[in-house]
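Numbering (the numbering used here), first residue to last: 3 to 117.
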């Protein structure tokens, strides 16, 4: 399974951004996907999670401004980020979990929120 994240960039506080994660190779093995982020000096944290059936889960701190979705036809998962804050600055990673419990990570995409 290969994951390619894109869509990061520089955005002003209060703005929006949509990240994409395109998957390829072994797609039928995937049972769920997620977005994580890692800010400088901090641990990687979960942002949003979606099963292959479309059920979503968010940590309480993320549920108001972030929306995860998937397009099965395009084998792509999205993360819509709204009302961005400086503290949302981080490298965002997409992750896929297969039915055997194996996790696959893509290269991150940097999101920088300026004041």
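Quick reminder that beta carbons are idealized off the backbone N, C-alpha and C, glycines included.
In this text the structure is predicted, and so the values were computed from the model without any measurement.
Using the Cβ count rule (16 or more neighbours within 10 Å means buried), how would you classify residue i?
i: residue 105; result: exposed
i: residue 99; result: buried
i: residue 80; result: buried
i: residue 88; result: exposed
i: residue 101; result: exposed
I'd like to check one pair, residue j with residue i: are the Cβ atoms closer than 8 angstroms?
i: residue 16; j: residue 63; result: no
i: residue 110; j: residue 95; result: yes
i: residue 40; j: residue 92; result: yes
For residue i, which residues of its own chain have a beta-carbon under 8 angstroms away from its beta-carbon, when the five flanking residues on both sides are left out?
i: residue 97; result: 5, 35, 36, 37, 38, 105, 106, 107 and 108
i: residue 13; result: 19, 86, 113, 114, 115 and 116
i: residue 77; result: 24, 25, 26 and 29
Bridge partners for residue i per DSSP, in chain order?
i: residue 113; result: 11 and 92
i: residue 35; result: 52 and 98
i: residue 105; result: 99
i: residue 70; result: 81
i: residue 45; result: Residue 45 is not bridged to any residue.
i: residue 22; result: 8 and 80
i: residue 40; result: 93
What does a CB cutoff of less than 6 angstroms around residue i pick up in its chain, not counting 5 residues either side in sequence?
i: residue 90; result: 115
i: residue 82; result: 20 and 69
i: residue 22; result: 8, 9, 78 and 80
i: residue 51; result: 36 and 59
Helix, strand or coil for residue i, going by three-state DSSP, please let me know.
i: residue 63; result: coil
If you drop the 5 nearest sequence neighbours on each side, which residues of the same chain put their C-beta closer than 7 angstroms to that of residue i?
i: residue 54; result: 32, 33 and 34
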